[in-house]
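Undergrad: First, the structure itself, so that you have it in front of you.
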Amino acid sequence: MTSSDIITTDEAFMAKALDLAEKALGQGEFPVGCVIANTKAVVARGYRLGTSSGAGNEIDHAEMNALRELSSNRDVSERSELTVYSTLEPCLMCYSAILLSGITRIVYAYEDVMGGGTNLDRSGLPSLYREARLSVVSGVLRKESLLLFKRFFSDPNTVYWTHSPLSRHALSQHG
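Per the working numbering, the very first residue in the sequence shown carries number 42; after that it's consecutive.
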């Protein structure tokens with residue numbers, strides 16, 4: 042690793058996730074990108090797949106694709122030192138998978154008003170979920186993520202989630 046590969050701020054890691062969201066958008070996909078990083082470098086990445094046809098593959102979320110890549114990365118031994126950076130608040134599926142993976146920190150850019158899982162009250166859940174340590178930071182490069190969602194939902198060819206609360210929320214935001 043060279044000194045130019047070393048990243049040390051939440052904003053810099055989120056910028057990497059935003060690059061992936063831009064890549065997804067360029068392919069007609071829902072613009073969500075995710076990187077998983079230790080304190081110095083990205084160790085896994087993913088972006089949203091399966092939405093360009095409008096059918097809505099609800100499994101290939103950016104976080105799930107990044108976690109899939111992480112599972113094959115043999116160089117990562119201590120997951121409790123990792124952070125998930127996602128351009129959209131993780132949904133319940135992704136949130137649960139992050140908890141189960143042993144990652145202890147999530148940083149996201151834009152709130153998911155219709156399906157975000159980070160405010161879930163875990164007190165009534167089984168101990169596997171309830172006792173997992175996790176900290177959440179929201180709003181990092183929110184404006185940049187919002188602009189991607191506005192571009193996505195403003196495209197007349199977009200079918201995926203076009204009449205959803207998330208679409209209405211994004212399109213009503215200033216920025």
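C-beta atoms are modelled at their ideal positions from N, C-alpha and C, and glycine is treated no differently. Computed from a prediction, not measured in an experiment: that's the story for all the values here.
Go to Ser113, then tell me how far its alpha helix (DSSP H) extends in each direction, as first and last residue.
TA: Careful: Ser113 lies outside any alpha helix (DSSP H) and carries neither H nor E.
Undergrad: Tell me which same chain residues have a C-beta within less than 8 Å of the C-beta of Asp101, skipping the five on either side of it?
TA: Closer than 8 Å at Cβ, skipping near neighbours: Arg89, Leu90, Gly91.
Undergrad: Kindly give me the distance between the Cβ atoms of Ala173 and Phe190, rounded to whole angstroms, as I take these residues to be in contact under 8 Å.
TA: Contact doesn't hold; Cβ gap of about 29 Å is too wide.
Undergrad: Tell me where the alpha helix (DSSP H) around Tyr136 begins and ends.
TA: 133 to 142 is the span of the alpha helix (DSSP H), which, as asked, contains Tyr136.
Undergrad: According to DSSP, is Thr43 helix, strand or coil?
TA: Because Thr43 sits at a pLDDT of 46, beneath the cut-off of 50, its placement in the model cannot be relied upon, and the point is left open.
Undergrad: Look at the Cβ atom of Asn114, then the Cβ atom of Val84, and state whether they are nearer than 8 Å.
TA: Yes, Cβ-Cβ distance for Asn114 and Val84 is below 8 Å.
Undergrad: Considering Leu187, what are the terminal residues of the alpha helix (DSSP H) in which it resides?
TA: Leu187 -> alpha helix (DSSP H) spans 183 to 195.
Undergrad: What whole-angstrom Cβ distance do Gly74 and Ala58 have, given they're in contact under 8 Å?
TA: The pair is a contact, with the Cβ atoms about 4 Å apart (cut-off 8 Å).
Undergrad: How big is the Cα-Cα spacing for Gly157 and Leu140?
TA: Taking the straight line from one Cα to the other gives about 14 Å.
Undergrad: In terms of alpha-carbon separation, which member of Ser195, Glu130, Thr145 lies closest to Glu119?
TA: Selected option, being the one with the closest Cα: Thr145.
Undergrad: Of all the options Gln214, Leu188, His215, Ser213, which has the alpha carbon lying nearest to the alpha carbon of Phe71?
TA: The residue with the shortest Cα to Cα distance from Phe71 is Leu188.
Undergrad: Figure out for me which residue from Leu111, Thr128, Asp116, Thr80 has the closest Cα to the Cα of Asp60.
TA: Ranking Leu111, Thr128, Asp116, Thr80 by Cα distance to Asp60 puts Thr128 first.
Undergrad: Buried or exposed for Arg86, going by 16 or more other Cβ atoms inside 10 Å?
TA: So Arg86 counts as buried.
Undergrad: When you compare only the Cα positions, how much space is there between Ala163 and Ser121?
TA: For the record, residue 163 in the displayed sequence is Arg; it is not Ala. Rounded to the nearest angstrom, the two C-alpha atoms are 19 Å apart.
Undergrad: Just to confirm, is the Cβ distance from Arg183 to Tyr151 under 8 Å?
TA: The answer is yes: Cβ separation under 8 Å.
Undergrad: Give the straight-line distance between the Cα atoms of Thr199 and Gly143, rounded to the nearest whole angstrom.
TA: Thr199 and Gly143: Cα-Cα distance of roughly 35 Å.
Undergrad: Measuring CA to CA, which of Ala107, Leu133, Thr203 is closest to Thr124?
TA: Answer by Cα proximity: Ala107.
Undergrad: CB-CB under 6 Å to Val117, same chain, minus the five flanking residues each way: which ones, in chain order?
TA: Once the five neighbours on either side are set aside, the close Cβ partners of Val117 are Val84.
Undergrad: In terms of residue numbering, what span does the beta strand (DSSP E) encompassing Leu129 cover?
TA: Here the beta strand (DSSP E) through Leu129 covers 124 to 129.
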